[in-house]
Amino acid sequence: MQLEVGAILEGKITGVKKFGAFVALPGGKTGMVHISEVSNSFIEDLSTVLSEGQEVKVKVLSIAEDGKIALSIKRTLPPEPRQNRGGAHGPRGGQRGRSDAPRVWQPKAAAPQGEMSFEDMMAKFKSQSEEKISDLKRVTENRRGGGYSRRR
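This is the structure in structure tokens:
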């Protein structure tokens with residue numbers, strides 16, 4: 004049987020290590036499933052999930068030139084529903100849960116202005132600009148040593 008990338012096969016686990024499991028494939032070949040490719044959830048000890056002699060369904064991820072075959076069990080499983088397990092930033096602090104759909108830029112919705120005249124809007128813009136410039140000056144002066152210079 005010819006192995007090809009993307010093929011889904013049945014195999015038998017021949018060995019379980021800390022980093023992954025070795026799987027005997029049809030045709031006398033052996034591949035390895037890395038621990039990160041076993042399940043969609045975190046696994047601390049692989050021997051609690053897999054055991055020698057167990058039949059598993061695997062997907063061929065890659066076949067290296069030296070004959071090493073990378074396999075995945077989790078890519079044969081149905082996708083798990085996404086859950087937001089963290090606070091406002093999602094499960095890992097800075098990452099928000101996102102769908103697999105491509106992101107498309109959308110302009111921000113304009114803030115409600117009410118019945119502001121053009122002059123009022125310009126005055127508001129000017130005050131915001133001055134605040135931003137003063138903040139920027141304060142930050143850059145702090146980096147330079149507070150504005151004191153030995154050069155004269």
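In the numbering used here, the protein residues as written are 4 to 155.
Virtual Cβ for every residue (Gly too), placed ideally from N, Cα, C.
Next on the checklist: alanine 10 and isoleucine 16 - do their beta-carbons sit closer together than 8 Å?
Outcome noted: no
Item to check | Cα-Cα separation, valine 41 to lysine 140 | outcome: 53 Å
Item to check | Presumed contact (8 Å Cβ cut-off) between glutamate 55 and valine 19, rounded CB distance | outcome: 6 Å
Item to check | The beta strand (DSSP E) enclosing leucine 64, as first and last residue numbers | outcome: 58-66
Next on the checklist: Quick check: the Cα distance between glutamate 118 and glutamate 144, rounded to an integer number of angstroms?
Outcome noted: 39 Å
Checklist entry - Which residue or residues does DSSP assign as beta-bridge partners of glycine 14? => result Val59
Next on the checklist: As a quick exercise: from Asn43, Val142, Leu6, Glu68, pick the residue whose alpha carbon is nearest that of glycine 31.
Outcome noted: Leu6
Item to check | Short Cβ contact (8 Å threshold) for leucine 12 with proline 29 | outcome: yes
Item to check | Per-residue burial, serine 50 [other beta carbons within 10 Å of its own, 16 or more giving buried] | outcome: exposed
Checklist entry - How would you call leucine 74, buried or exposed, if buried means at least 16 neighbouring beta carbons within 10 angstroms? => result buried
Next on the checklist: In the DSSP output, what is phenylalanine 25 paired with across the bridge?
Outcome noted: Gly18, Met35
Checklist entry - Taking methionine 35 as the reference, which of Met124, Asp123, Lys62, Ser120 has the closest Cα? => result Lys62
Checklist entry - Where DSSP assigns a beta bridge to leucine 74, which residues make up the other side? => result Val36, Val63
Item to check | Same chain only: Cβ atoms within 6 Å of leucine 64, ignoring 5 sequence neighbours per side | outcome: Ala73, Ser75
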